[in-house]
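Using the numbering used here, the first residue of the sequence shown is number 99, and each one after it goes up by one. All residues carry an ideal CB built from backbone N, CA and C; glycine is no exception.
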Amino acid sequence: MGIALVWNHPEVTLVLSGMSKMDHVVENVAYAEHSQPRNLNEGELALIRRVRDAYLSLSPTSCTACRYCMPCPNGVEIPRVFSLYNEAMIYGGRHQAKENVPERQNVQARTAC
Ligand code: SF4
99 MGIALVWNHP
109 EVTLVLSGMS
119 KMDHVVENVA
129 YAEHSQPRNL
139 NEGELALIRR
149 VRDAYLSLSP
159 TSCTACRYCM
169 PCPNGVEIPR
179 VFSLYNEAMI
189 YGGRHQAKEN
199 VPERQNVQAR
209 TAC
């Protein structure tokens, strides 16, 4: 349903989708041929909003990994750290997430940003 949501926006004229197999290309082209703006009904949109809200309520940061903040002048892999933090909060395993962050990436590496 993710790609359907993108096509649902009238301002979208091109969708870039990660495709690694010919099957993916065929499937996406077929889907695009049948997609059009405002294709989703109110029930589908309500479901998407509920899923989005549930995800956001569990995720403490809203980092999209756009990497605009990179490179960090202090060498912190900011999107990676936020991703680990979100995963730890959503799925548990805070201790394991902390072990996956190299010492230099730890919060103590921050200065005043
Ligand atoms: S923290 Fe960095 S990678 Fe994440 S949304 Fe902000 S600018 Fe983008």
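Starting from the C-beta of residue i, find all residues in its chain whose C-beta is less than 7 angstroms away, skip the five residues before and the five after it, and write them out in chain order.
i    : result
L156 : M187, I188
C170 : I176
N184 : S157, P158, T159
Are the beta-carbon atoms belonging to residue i and residue j less than 7 angstroms from one another?
i    : j    : result
M117 : V124 : no
F180 : T159 : yes
R165 : P177 : yes
S133 : N126 : no
L182 : I146 : no
Which residues in the same chain have their Cβ closer than 8 angstroms to the Cβ of residue i, if we skip the five residues on either side of it in sequence?
i    : result
G130 : In the sequence on display, residue 130 carries Ala and not Gly. Cβ neighbours of A130 beyond the five flanking positions: W105, V113.
C167 : I176, P177
Which residue comes first and which comes last in the alpha helix (DSSP H) that contains residue i?
i    : result
E131 : 120 to 132
M187 : 176 to 189
G100 : 100 to 106
A152 : 140 to 156
Return yes when at least one heavy atom of the ligand ZN lies under 6 angstroms from the C-beta of residue i, else no.
i    : result
P171 : Ligands displayed in this structure: the ligand SF4; the ligand ZN is not among them.
Spatial neighbours of residue i within its chain, please: C-beta separation below 6 angstroms, excluding the five flanking residues on both sides.
i    : result
P135 : P108
Using the beta-carbon of each residue, find all residues closer than 6 angstroms to any heavy atom of the ligand SF4 and list them in chain order. Selection output, chain order preserved: C161, T162, A163, C164, R165, Y166, C167, I176, P177, F180.
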